[in-house]
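Participant: Structure below; questions to follow.
Chains as they are written, first to last, in this note's numbering: chain A, 1 to 479; chain B, 1 to 427.
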């Protein structure tokens, strides 16, 4: 349904002139998120400043029956914030206030548009930090992190966003406000917050988030293990997991990634002749860190590491991480566009599946680089391409699908932290069957009976049985 | 016992899968069906649907008193015999098991590969996997590992209409689809029947150590507890029990459980010994048996009535003050004979009450007073295993989102087959 003139005027009255973007040029800036392959300009962009404004706008949109897509900073990589034709986009760019910082009870209440890294900087002087650290943390918002249940390297120790959300204020599809902002350590009744985190904007729009703040560890040590082969780095990771060693992050960067990083502004001092590096961080008490570092070093060497060195200073440590987190940006040097897959696999099968993904890309004449959260089994095969080349785009998408099917068949999943969005929606049928998806749909309809929030994302539109009729049978479906 | 229900169950289940039980001590006897397969559980749901009957889902029944008694229950469906480990992956640190497997069995199974699991609950041989997830039960090891819901990686469940569905998976990191496992954690069998679950595992401690010490009064207890929590140590659990009756120079007893890599435990033990000079320190098997004894005195150790006060950890001293004042007041002191047990790092105070058949109006009033006094700083109080009618009152006003919760329930169980009225948080 198109938005009426009356509704437009009402929205402008509610949000003020700066709160509504409806010029063709203005709307263009919102036509895609980090998944630039898919774009669609929204009918109107709304920029509320607070929960009340967002709720007011949502009521107007509800009465008009207009679909609504939420958006944080638009850094998502799965098309979760891709607008819907004829729909409204509600962005949290003007909701950047910190509402409460409670260092005694160790939580912060912030508006959804607060940028991830700002939260950590804000509480640093109190010896606290916000644990989830996606690579896009310089830009991505807490609200977006809630929508996607975002991860990051240190989620290996601290867990993804869902473990750190203590409260939420949610504007629902009908414009009503669900206030769960009081920090909850144990939900009263059903865990609505746990259900909402990672729901990719299909259940409501979070306008305020109460997050847990974590105490900084007494000691931190960052290790760089240099490997003559990617296999060696993968095997060392599997060995660390099997030996139940508990660092706070275990990351792998392969040769292509290292070259890109070292040629960029994120230059971290990774050895350019290495086939792969393992970046490991240990946190805790001095004794705990020393003991973890000793075990990591031993295991890395046993798997053929030619060098294991420790960051000598805080600035070197930061540099090693800046290189890791800037890797996606640095890839821009390899090709104009980057497709980032996000599959998860059992950590016993890292080497084999990394090899297979590389083979898939090679077969299709594509360039694939690996930079990933090895400790969590969360692979990020990055395929470089040029979106102006339709044939290459097609090959990239085919490779992406094959990689997902491969990992699911090996007991893995479609996504570890980037979300399903639009990109992997139809692949949901690789992991789930119609009955599984029906259970999810029932929950969704309890929140949003008209399915007007972020329609066409996360849950397949067609049933899996129906969709499968046209294709080969799916894999990895055994119970 | 409803003979129609019994007849219907008898036509589907053999005698070895049918017995009788009660929802609570003085409740009527009800048929209890314990199918030994997924198909059997689906059949029991089908029997209920066909007859228009309402059922209560349970494991071994140890937590039936944690919520209000179901408004209507025609029979009990237990998953206790749908048991066994489906997959233990030592190299990946994950476990998948059927709902009826007890935590004792699971713990011993994964110990073979050097793993442990949370929660460390009392009477683990009486707690099933499905039961602890359904009740979102945490143990005192929550201090180290966090709540159980953080570690449930995926579920298989049956909806009351017979749909068999799954969510999540067996991976330690995964955001594919809704986190329905979080919704099911703590849903007390009101949304569906949990059939199978996958958990994240932890390394078994290489070394264990328990430290026992005393404090003379509240002030000293709070001061020492603050030191423990600020210390550069990561105890598995940290509890403080009020001695009853109090000793001449001791009102409180601390129990700190350390575990992990050997040198870390040695270092942490030294730190804690400096906080508690003269403490009793036990190692290895003695420490483990200490920990077990401690656990078996804690929350959920008995079927007797318990109060649990929950507050932000930093407000623990406030909550203890409120509770003590309340326990001294005439209304409460005449109605409750408490044993007080705290987890300062978790902001929890547990009060075991003398078992009794009913609680008078005075007790209801007293509990309402405690609730409003705690609410000043965001605290709350819940009653477990209380007299039937009382549990509902004791949970206070419906929480924000109660209507949405009801709507989720109505979608997943439209025929109201499952535990109607059992959940105390909404009608």
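Even glycine gets a Cβ: it sits at the ideal position worked out from N, Cα and C.
If we count the other Cβ atoms within 10 Å of its Cβ and call it buried at 16 or more, is residue 28(A) buried or exposed?
Facilitator: The residue in question, residue 28(A), is exposed, as its Cβ has fewer than 16 Cβ neighbours within 10 Å.
Participant: Using CA atoms only, rank isn't needed, just tell me which of 213(A), 291(A), 9(A) and 275(A) is closest to residue 247(A).
Facilitator: The shortest Cα separation from residue 247(A) among 213(A), 291(A), 9(A) and 275(A) belongs to 291(A).
Participant: Would you mind sorting residue 25(A) into buried or exposed? The rule is 16 or more other CB atoms within 10 Å of its CB.
Facilitator: Residue 25(A) is exposed by the Cβ-count criterion.
Participant: May I have the straight-line CA-CA distance separating residue 60(A) from residue 10(A), to the nearest angstrom?
Facilitator: Approximately 8 Å between the Cα atoms of the pair.
Participant: Does the beta carbon of residue 440(A) sit closer than 8 Å to a beta carbon anywhere in chain B?
Facilitator: Yes, its Cβ sits closer than 8 Å to a Cβ of chain B.
Participant: Return the CA-CA distance between residue 5(B) and residue 58(B), expressed in angstroms with no decimal places.
Facilitator: Computed Cα separation, rounded: 18 Å.
Participant: Which residues does DSSP list as the beta-bridge partners of residue 233(A)?
Facilitator: Residue 233(A) pairs with nothing; no bridge assigned.
Participant: Looking at the secondary structure, which residues open and close the beta strand (DSSP E) in which residue 256(B) lies?
Facilitator: Unbroken beta strand (DSSP E) run through residue 256(B): 252-260.
Participant: Excluding the 5 residues preceding and the 5 following residue 288(B) in the sequence, name in chain order all residues of the same chain whose CB lies nearer than 7 Å to its CB.
Facilitator: So the list reads 208, once near-sequence residues are dropped.
Participant: CB-CB under 7 Å to residue 275(B), same chain, minus the five flanking residues each way: which ones, in chain order?
Facilitator: Within the same chain, residue 275(B) has close Cβ partners 224, 227, 228 and 231.
Participant: Name the chain A residues that come within less than 8 Å of residue 174(B), Cβ to Cβ?
Facilitator: 344, 413, 415 and 416, listed in chain order.
Participant: Evaluate residue 58(A) with the Cβ neighbour count: other Cβ atoms within 10 Å of its Cβ, from every protein chain shown; 16 or more gives buried, anything less gives exposed.
Facilitator: Residue 58(A) comes out buried.
Participant: Could you tell me whether any Cβ in chain C is nearer than 8 Å to the Cβ of residue 420(A)?
Facilitator: As a matter of chain content, chain C is missing from the structure shown, whose protein chains are A and B.
Participant: Is there a Cβ from chain B that is less than 8 Å from the Cβ of residue 477(A)?
Facilitator: The predicted position of residue 477(A) is uncertain, since its pLDDT is 32 and thus under 50; no value can be drawn from it.
Participant: Any idea which residues DSSP pairs residue 460(B) with across the strands?
Facilitator: Given that chain B is displayed from residue 1 to residue 427, the structure contains no residue 460(B) and the question cannot be resolved.
Participant: Please state whether the Cβ-Cβ distance between residue 17(B) and residue 35(B) is less than 8 Å.
Facilitator: Taking 8 Å as the Cβ cut-off, residue 17(B) and residue 35(B) qualify as a contacting pair.
Participant: Is the shortest distance between the beta-carbon of residue 462(A) and the beta-carbons of chain B less than 8 Å?
Facilitator: Residue 462(A) does not count as touching chain B.
Participant: Can you pull the chain B residues whose beta carbon is under 9 Å from the beta carbon of residue 428(A), in chain order?
Facilitator: In chain order: 176 and 177.
Participant: Count the other CB atoms within 10 Å of the CB of residue 169(A); is the residue buried (16 or more) or exposed (fewer)?
Facilitator: Residue 169(A) comes out buried.
Participant: Looking at the C-beta of residue 474(A), does it have a partner C-beta in chain B at a distance below 8 Å?
Facilitator: Its pLDDT being 40, under 50, residue 474(A) is placed unreliably by the model, and nothing is read from it.
Participant: Less than 8 Å separating the beta-carbons of residue 324(A) and residue 251(A)?
Facilitator: Cβ distance < 8 Å, so residue 324(A) and residue 251(A) count as in contact.
Participant: Would you identify the three-state DSSP class for residue 422(B), choosing helix, strand or coil?
Facilitator: Correct three-state label for residue 422(B): coil.
Participant: In the DSSP assignment, what residue or residues form a beta bridge with residue 107(A)?
Facilitator: Its beta-bridge partners are 102(A) and 212(A).
Participant: Is the beta carbon of residue 115(B) less than 8 Å from the beta carbon of residue 203(B)?
Facilitator: Result yes, Cβ atoms of residue 115(B) and residue 203(B) sit closer than 8 Å.
Participant: What does a CB cutoff of less than 6 Å around residue 215(B) pick up in its chain, not counting 5 residues either side in sequence?
Facilitator: The answer, listed in chain order, is 221, 224 and 252.
Participant: What in chain B is Cβ-close to residue 75(A), meaning under 7 Å?
Facilitator: Correct list: empty, because the minimum Cβ distance to chain B is about 15 Å.
Participant: Hey, would you say residue 181(A) sits closer than 8 Å to residue 208(A), going by beta carbons?
Facilitator: Cβ atoms of residue 181(A) and residue 208(A): closer than 8 Å.
Participant: Drop a sphere of 10 angstroms on the beta-carbon of residue 50(B), count the other beta-carbons inside from all chains shown, and report buried for 16 or more, exposed for fewer.
Facilitator: It counts as exposed.
Participant: Cβ of residue 370(A) less than 8 Å from any chain B Cβ?
Facilitator: Chain B contact via Cβ: absent.
Participant: Note down the Cα distance separating residue 257(A) from residue 290(B), rounded to an integer number of angstroms.
Facilitator: Using only the alpha carbons, I get a separation of about 51 Å.
Participant: Say the cut is 7 Å; is the CB of residue 228(B) nearer than that to a heavy atom of the ligand GDP?
Facilitator: Only the bare structure without any ligand can be found here, which leaves the ligand GDP out of the picture.
Participant: Just to confirm before moving on: does the CB-CB distance between residue 130(B) and residue 154(B) stay below 8 Å?
Facilitator: Going by C-beta atoms, residue 130(B) is not nearer than 8 Å to residue 154(B).
Participant: For chain A, is any of its Cβ atoms less than 8 Å away from the one on residue 83(B)?
Facilitator: Chain A, which has no Cβ nearer than 8 Å to the Cβ of residue 83(B), makes this no.
Participant: Return the first residue and the last residue of the beta strand (DSSP E) that residue 498(A) is part of.
Facilitator: No information on residue 498(A) is available, as it lies outside the stretch 1 to 479 that chain A covers here.
Participant: Can you list the residues of chain A that residue 405(B) reaches, using a CB-CB cut of under 8 Å?
Facilitator: The answer, in chain order, is 189, 190 and 192.
Participant: Does any residue of chain B bring its CB to less than 8 Å from the CB of residue 159(A)?
Facilitator: Yes, contact with chain B.
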